[in-house]
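**Student:** Mapping the sequence shown onto UniProt numbering, position 63 (from 1) lands on 63, and the numbers just tick up by one.
Glycine included, C-beta positions come from ideal geometry on N, C-alpha and C.
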Amino acid sequence: MVIFAILFMLIAILNIFFPAMGWHMRYGWMVQGESEPSDAYLLMSRISSVIVLIVFLLFFLPIIFS
C-alpha cells in the first residue's frame, strides 16, 4: 500500500513539473510530424494534478500511516 502511495505521488508530481511528457506518452505517438500540446492543455494538466495530489494527501495518507 505504501509503494502505491509513493508511486501515485511521484506520477502526480512529475505531471505537475513535466505535463508535456504525459501528453507525448498518451497522444504524441498518434500524431505524425511535429506536434506539441497546447498551453491550455498543459495548464489544465498541472491544475488537475495539483488537485488530485491534494485530495490524495488529505484522504489517503492518514489511512495508510495510521
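Using the C-alpha atoms, what's the distance from Val50 back to Phe56?
**Tutor:** Against the sequence shown, residue 56 aligns to sequence position 56. Against the sequence shown, residue 50 aligns to sequence position 50. If I take the Cα positions, the gap works out to 10 Å.
**Student:** Identify whether Ser35 lies in helix, strand or coil by the three-state DSSP scheme.
**Tutor:** As a first step, residue 35 must be located in the sequence shown, where it is residue number 35. Coil at Ser35, not helix or strand.
**Student:** Got a sec: does the ligand FAD put a non-hydrogen atom nearer than 7 Å to the Cβ of Leu42?
**Tutor:** With respect to small molecules bound, the structure shown includes none, and the ligand FAD cannot be examined in it.
**Student:** Am I right that Ala12 and Leu53 are in contact with their C-beta atoms under 8 Å? What's the rounded C-beta distance?
**Tutor:** If you number the sequence shown from 1, residue 12 lands on position 12. If you number the sequence shown from 1, residue 53 lands on position 53. By a beta-carbon distance limit of 8 Å, Ala12 contacts Leu53. Their separation comes to about 4 Å.
**Student:** Going by Cα to Cα distance, which pick from Val2, Leu7, Trp23 and Phe18 is closest to Pro37?
**Tutor:** Counting from 1 along the sequence shown, the entry for residue 37 is found at position 37. Cα-wise, what sits closest to Pro37 is Trp23.
**Student:** Given this structure, state the Cα-to-Cα distance separating Ile3 from Phe65, to the nearest angstrom.
**Tutor:** Counting from 1 along the sequence shown, the entry for residue 3 is found at position 3. Counting from 1 along the sequence shown, the entry for residue 65 is found at position 65. Rounded to the nearest angstrom, the two C-alpha atoms are 12 Å apart.
**Student:** For Phe17, which of helix, strand or coil comes out of DSSP?
**Tutor:** For the purposes of this step, residue 17 is identified with residue 17 of the sequence shown, where counting begins at 1. Note: Phe17 maps to helix in three-state DSSP.
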